[in-house]
Amino acid sequence: MQTISGGPQRRGAVSIFLLLTAGPLMLAQNGNGVNLQIKADQITAKMPPTFHGLMTEEINYAFEGGLYAELIRNRNFKETVPARQNRQNPEQSRAAQEAKDLVHWSLVEERGGVGSMELDTATPLNNAVPASLKLTVSQAAGSQSVGAANEGFWGIPVRPETAYKAIFYAKASAGFSGAITLSIMSNDGTTVAAAAKIPKLSESWQKYQATLKTGNVKASAEYKFVLSTNRPGTIWFGFVSLFPPTYKNRVNGFRPDLMELLAAIKPQFLRFPGGNYLEGNTFETRFNWKNTIGPIEERPGHMDDAWGYWSSDGMGLLEYLGWCEDLNMEPVLAVFAGYSLRGQRARPGPELDLFVKEALEEIEYVTGDINTTWGARRARDGHPEPFQLRYVEIGNEDYFDREKGSYDARFTAFYDAIKAKYPNLLLINSAGFSANALTTRTPDVDDDHYYRGSDDMAAKANDYDGRRRNGPKVFVGEWATRVGSPTPNLDAAIADAANMAGLERNADLVMMHCYAPLFVNVNPGAMQWTTDLIGYNTMSAYGSPAYWAQHMFANHVGDSVLNIVASGIPYREWQQMPRRPPGLTLPTPMPTPVPEMFFSATRDTASGTTYVKIVNRSGKPQQVNVSVSGLTSIAPTGRTITLSSANISDTNSIVDPHKVEPVTADVTGLGTDFIQTVPANSITVLELSGK
Ligand code: AHR
Numbered sequence: 079m080q081t082i083s084g085g086p087q088r089r090g091a092v093s094i095f096l097l098l099t100a101g102p103l104m105l106a107q108n109g110n111g112v113n114l115q116i117k118a119d120q121i122t123a124k125m126p127p128t129f130h131g132l133m134t135e136e137i138n139y140a141f142e143g144g145l146y147a148e149l150i151r152n153r154n155f156k157e158t159v160p161a162r163q164n165r166q167n168p169e170q171s172r173a174a175q176e177a178k179d180l181v182h183w184s185l186v187e188e189r190g191g192v193g194s195m196e197l198d199t200a201t202p203l204n205n206a207v208p209a210s211l212k213l214t215v216s217q218a219a220g221s222q223s224v225g226a227a228n229e230g231f232w233g234i235p236v237r238p239e240t241a242y243k244a245i246f247y248a249k250a251s252a253g254f255s256g257a258i259t260l261s262i263m264s265n266d267g268t269t270v271a272a273a274a275k276i277p278k279l280s281e282s283w284q285k286y287q288a289t290l291k292t293g294n295v296k297a298s299a300e301y302k303f304v305l306s307t308n309r310p311g312t313i314w315f316g317f318v319s320l321f322p323p324t325y326k327n328r329v330n331g332f333r334p335d336l337m338e339l340l341a342a343i344k345p346q347f348l349r350f351p352g353g354n355y356l357e358g359n360t361f362e363t364r365f366n367w368k369n370t371i372g373p374i375e376e377r378p379g380h381m382d383d384a385w386g387y388w389s390s391d392g393m394g395l396l397e398y399l400g401w402c403e404d405l406n407m408e409p410v411l412a413v414f415a416g417y418s419l420r421g422q423r424a425r426p427g428p429e430l431d432l433f434v435k436e437a438l439e440e441i442e443y444v445t446g447d448i449n450t451t452w453g454a455r456r457a458r459d460g461h462p463e464p465f466q467l468r469y470v471e472i473g474n475e476d477y478f479d480r481e482k483g484s485y486d487a488r489f490t491a492f493y494d495a496i497k498a499k500y501p502n503l504l505l506i507n508s509a510g511f512s513a514n515a516l517t518t519r520t521p522d523v524d525d526d527h528y529y530r531g532s533d534d535m536a537a538k539a540n541d542y543d544g545r546r547r548n549g550p551k552v553f554v555g556e557w558a559t560r561v562g563s564p565t566p567n568l569d570a571a572i573a574d575a576a577n578m579a580g581l582e583r584n585a586d587l588v589m590m591h592c593y594a595p596l597f598v599n600v601n602p603g604a605m606q607w608t609t610d611l612i613g614y615n616t617m618s619a620y621g622s623p624a625y626w627a628q629h630m631f632a633n634h635v636g637d638s639v640l641n642i643v644a645s646g647i648p649y650r651e652w653q654q655m656p657r658r659p660p661g662l663t664l665p666t667p668m669p670t671p672v673p674e675m676f677f678s679a680t681r682d683t684a685s686g687t688t689y690v691k692i693v694n695r696s697g698k699p700q701q702v703n704v705s706v707s708g709l710t711s712i713a714p715t716g717r718t719i720t721l722s723s724a725n726i727s728d729t730n731s732i733v734d735p736h737k738v739e740p741v742t743a744d745v746t747g748l749g750t751d752f753i754q755t756v757p758a759n760s761i762t763v764l765e766l767s768g769k
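With our numbering applied, the sequence shown covers 79 to 769.
What follows is the structure, encoded as structure tokens:
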């Protein structure tokens, strides 16, 4: 596909910028609107089966206190407070870390009950959980009680008529005769929303389970979870877990409202587990997949130092795969490639071989049958059926490894070992298009990442039109327009749509894309990365305008990309401000002409529906003169789905979740030639039906 596209006719100037690119013909004109020709008989690409997907990692409390439905925070008492969370008082923070305080747990003494609580390293549950919570009750009788309370992740979400499943491991001192009461209690202690009782504890470690059912209570996150007794003695708790109902009732599963938001954008693949989270600051804190499988009470958890908080690793390798199963997504597995964020890198030879072996075993865990070592382990973990896997990414953003030849050597080692054992796997180069991406082995796919402002995104939205076609396919494994916080606003969503129109037009080259980051918990202190697709707190969730842009594109795809030619596109001038090193005077660059409108067209052959995406970044309505060739007729009625709002800074939030959402309308007067006017600052999907 090679056509000529033109740049803008600049206001007050006669020059027309001509660029040699592939893609739609775009020429600036003055006059009555924009002309858009859709050549329905010229298919420029088949839509890849894995085009729209999700990218995920443990960032912004995406899983802990997010998608992973566990409600107990610090459930195995190993969580520590990283120094950077307490910049004001690093000494105190370090001390807390060394003492391994019982963070997120507190002592409850009621109606005259007296006791104490501490971490006890002398009485561990198992090797993974080397300390227990020791509750010593010195005074408790009658209505008095002493207990340990967990504050949850910004509270325990209480909903009416809801069953919560609790598990805990405990043992009691000799002669202890009390019962253990489990309760979901309001933070002020006045209301118990649900409770259950374990009548007696053993003197050796035992697992206990109970269901706590709420009645007609008011939904609220102002609750804590309490384990208490009204008899003197000592009780050790080894592990405590509480789950609300999960999506499709998956055990150790996911928060339903977030899963429903994801299901609605029809993701076809999931790239996991990172992102920086895969790499960690050092090898020690990488995503060490073997520590993330098996019974949850045997997972040690680790400090997610890439993003500065504790991961229980309840969201482990098998859970990511279960998530894929729940939403019918194809896994895109990123394996740790011997490079961490602080520059630690494995050298070819025994050091690197260890990580290559770890990756091969990981792939076997995912895909091996039950006669393989790791396939058998997966079966023991509850999933005998192997998972289908086609894509494996070697590392994450390895363009940050600036040592010459380092990624090449590492990529080669992984490539050779993986292709030898799994010749059908397609391997993704994580260094994308950087100089470091020049690898001796030719990757099957290059991963391209970009985060931009809205003008920058729009300025580059047509870039794939001009990309070489003779190299690896492209996976846009992370991208976003970063305008708005904690979630993007309409301005960002429109620039995202401009980019997606470019991705869609170039689906012969770009085979997959996924926005990042996916999630942000909007509770205070939870966010590390501003501008994230979906926001939530303890009780509810919402999609940002950018989420709705994804929704519009992913729900109106079809199977074929059609050739289009656009002319008369309005342009604006964007004054890019160069980043100047302090003290250096550099000339201000010439303003960049940036298109204000973007288009793509796809078709669903079976239903005969053509989807035309029209993105209007200009501040006024635009008339689009559409002509369709290659179809004999187009029905006079169709539909538009439009995302717009009064101001480009308009957005959705946890308190105003539906402010900017798509609106569907019937349209008439359609045919092979018609005029469609789109609103200022808008994204429009126009559905035409015709043969
Ligand atoms: O998406 C946030 C971060 O951006 C990812 O962890 C990393 O890969 C990229 O730099």
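Here a beta-carbon is modelled for each residue, glycine too, at the ideal position from N, C-alpha and C.
*First and last residue of the beta strand (DSSP E) that includes residue 484?*
Taking the sequence shown and counting its residues from 1, one reaches residue 484 at position 406. Counting along the chain, residue 484 falls outside any beta strand (DSSP E), though it belongs to the alpha helix (DSSP H) covering 484 to 499.
*Taking the DSSP output, what are the residues bridged to residue 117?*
Indexing the sequence shown from 1 puts residue 117 at position 39. Answer is 641 and 707, bridged to residue 117.
*Excluding sequence positions up to five away, which residues of its chain have a Cβ less than 7 Å from the Cβ of residue 340?*
Residue mapping note: residue 340 aligns to position 262 of the sequence shown, counting from 1. So the list reads 132 and 405, once near-sequence residues are dropped.
*Measure the alpha-carbon distance for residue 106 versus residue 684 and round it to whole angstroms.*
Taking the first residue of the sequence shown as 1, we reach residue 106 at position 28. Taking the first residue of the sequence shown as 1, we reach residue 684 at position 606. Residue placement at residue 106 cannot be trusted, given a pLDDT of 44 that sits under 50; the coordinates are not used to answer.
_Whole-angstrom distance between residue 756 and residue 762, CA atom to CA atom_ = For this step, residue 762 is matched to residue 684 along the sequence shown. For this step, residue 756 is matched to residue 678 along the sequence shown. Distance between the alpha carbons of residue 762 and residue 756 is about 7 Å.
*Please state whether DSSP places residue 471 in a helix, a strand or coil.*
Here residue 471 corresponds to residue number 393 of the sequence shown, with the count starting at 1. Here residue 471 sits in strand by DSSP.
*asked:* Quick check on the DSSP output: what are the complete beta strand (DSSP E) runs of length 3 or more inside the stretch 548 to 622, in order along the chain?
replied: 551 to 559, 588 to 593, 597 to 599, 612 to 614 and 619 to 621
*Tell me, please, which residues DSSP counts as bridged to residue 721.*
For the purposes of this step, residue 721 is identified with residue 643 of the sequence shown, where counting begins at 1. In the DSSP output, where bridge partners are listed per residue, residue 721 has 761.
*Take the Cβ of residue 451 as the centre, count every other Cβ of all protein chains shown within 10 Å, and call the residue buried at 16 or more, exposed below.*
The count along the sequence shown starts at 1 and reaches residue 451 at position 373. Counting Cβ neighbours within 10 Å, residue 451 comes out exposed, since fewer than 16 surround it.
*asked:* Residues in the same chain with beta-carbon distance under 8 Å from residue 204, minus the five sequence neighbours each way, listed in chain order, please.
replied: Numbered from 1 along the sequence shown, position 126 holds the residue referred to as residue 204. Contacts found: 316, 375 and 376.
*List the endpoints of the continuous alpha helix (DSSP H) containing residue 354.*
Taking the sequence shown and counting its residues from 1, the one referred to as residue 354 is at position 276. Element bounds for residue 354: 354 to 357.
*Taking the C-alpha atoms as reference points, what is the distance between residue 326 and residue 520?*
Position 248 of the sequence shown, counted from the first residue, corresponds to residue 326. Position 442 of the sequence shown, counted from the first residue, corresponds to residue 520. About 41 Å.
*Roughly how many angstroms separate the alpha carbons of residue 596 and residue 737, rounded to a whole number?*
One-based indexing of the sequence shown puts residue 596 at position 518. One-based indexing of the sequence shown puts residue 737 at position 659. Rounded to whole angstroms, residue 596 to residue 737 spans 20 Å at the Cα level.
*Out of 409, 482 and 444, which has the shortest C-alpha to C-alpha gap to residue 457?*
In the sequence shown, counting from the first residue as 1, residue 457 sits at position 379. Of 409, 482 and 444, the residue nearest in Cα terms is 444.
*With a CB to CB cut of under 6 Å and the five nearest residues on each side skipped, what residues in its chain are close to residue 653?*
Here residue 653 refers to the residue found at position 575 of the sequence shown. The answer, listed in chain order, is 669.
*asked:* For the beta strand (DSSP E) containing residue 382, name the first residue and the last one.
replied: Locating residue 382 in the sequence shown gives position 304, where the first residue counts as 1. First-last of the beta strand (DSSP E) with residue 382: 380 to 382.
*residue 670 lies in the beta strand (DSSP E); which residues open and close that run?*
Residue 670 sits at position 592 when you count from the first residue of the sequence shown. Note, residue 670: beta strand (DSSP E), 670 to 673.
*Look at residue 148 and residue 392 and say whether their C-beta atoms are less than 8 Å apart.*
Here residue 148 is taken as the residue at index 70 of the sequence shown, counted from 1. Here residue 392 is taken as the residue at index 314 of the sequence shown, counted from 1. A contact, by the Cβ cut-off of 8 Å.
*Limits of the alpha helix (DSSP H) - the one that residue 441 falls within*: On the sequence shown, residue 441 is found 363 positions in, with the first residue counted as 1. Here the alpha helix (DSSP H) through residue 441 covers 428 to 445.
*Hey, would you say the C-beta of residue 527 is under 7 Å away from at least one heavy atom of the ligand AHR?*
As a first step, residue 527 must be located in the sequence shown, where it is residue number 449. The answer is yes for residue 527.
_I need the straight-line Cα distance from residue 647 to residue 701, nearest angstrom please._
For the purposes of this step, residue 647 is taken as residue 569 along the sequence shown, with counting starting at 1. For the purposes of this step, residue 701 is taken as residue 623 along the sequence shown, with counting starting at 1. Approximately 10 Å, taken between the alpha carbons.
*Would you kindly check if the distance between the Cβ of residue 578 and the Cβ of residue 631 is under 8 Å?*
Numbered from its first residue, the sequence shown carries residue 631 at position 553. Numbered from its first residue, the sequence shown carries residue 578 at position 500. Cβ atoms of residue 631 and residue 578: closer than 8 Å.
*For residue 560 versus residue 593, is the C-beta distance shorter than 8 Å?*
Taking the first residue of the sequence shown as 1, we reach residue 560 at position 482. Taking the first residue of the sequence shown as 1, we reach residue 593 at position 515. Cβ distance not < 8 Å, so residue 560 and residue 593 don't count as in contact.
*Can you grab the Cα-Cα spacing for the pair residue 200 / residue 288, in whole Å?*
Counting from 1 along the sequence shown, the entry for residue 200 is found at position 122. Counting from 1 along the sequence shown, the entry for residue 288 is found at position 210. Distance between the alpha carbons of residue 200 and residue 288: 27 Å.
*Run the proximity test for residue 774: is its beta-carbon closer than 7 Å to any non-hydrogen atom belonging to the ligand AHR?*
Summary: the structure shown does not reach residue 774, with the chain confined to residues 79 through 769, and so no result is reported for it.
*Using 10 angstroms around the beta-carbon of residue 50, count the other beta-carbons present and answer buried if the total reaches 16, otherwise exposed.*
No information on residue 50 is available, as it lies outside the stretch 79 to 769 that the chain covers here.
*Report the residue from 356, 246, 672 and 232 whose alpha carbon sits nearest the alpha carbon of residue 473.*
Numbered from 1 along the sequence shown, position 395 holds the residue referred to as residue 473. Out of 356, 246, 672 and 232, 356 has the C-alpha closest to the C-alpha of residue 473.
*the ligand AHR heavy atoms versus the CB of residue 564: any closer than 7 Å?*
Position 486 of the sequence shown, counted from the start, is the residue given in the question as residue 564. No, the ligand AHR has no heavy atom inside 7 Å of this Cβ.
_Beta-bridge partners of residue 405, as assigned by DSSP_ = Position 327 of the sequence shown, counted from the first residue, corresponds to residue 405. Its beta-bridge partners do not exist; DSSP assigns none.
*Check whether the Cβ atoms of residue 250 and residue 276 lie closer than 8 Å to each other.*
Within the sequence shown, residue 250 is the residue found at index 172, counting from 1. Within the sequence shown, residue 276 is the residue found at index 198, counting from 1. No, the Cβ-Cβ distance between residue 250 and residue 276 is not below 8 Å.
*Is residue 753 near the ligand AHR, judged by its Cβ being under 7 Å from some heavy atom?*
As a first step, residue 753 is located in the sequence shown; it is residue number 675 there, counting from the start. Residue 753: no, Cβ never under 7 Å from the ligand AHR.
_Helix, strand or coil for residue 744? Go by DSSP, reduced to three states._
In the sequence shown, the residue the question calls residue 744 occupies position 666. Strand.
*Span separating the alpha-carbon of residue 720 from that of residue 454*: In the sequence shown, counting from the first residue as 1, residue 720 sits at position 642. In the sequence shown, counting from the first residue as 1, residue 454 sits at position 376. Cα-Cα distance, rounded: 50 Å.
*Cβ-based burial, residue 22 [other Cβ within 10 Å; buried from 16]*: Since the displayed the chain opens at 79 and closes at 769, residue 22 lies outside it and no answer follows.
*Going by the C-beta, is residue 624 closer than 7 Å to any heavy atom of the ligand AHR?*
For the purposes of this step, residue 624 is taken as the residue at position 546 of the sequence shown. Result no, Cβ not under 7 Å from the ligand AHR.
*Going by DSSP, what residues sit across from residue 227 in a beta bridge?*
Locating residue 227 in the sequence shown gives position 149, counting from the first residue. Beta-bridge pairing links residue 227 to 184 and 304.
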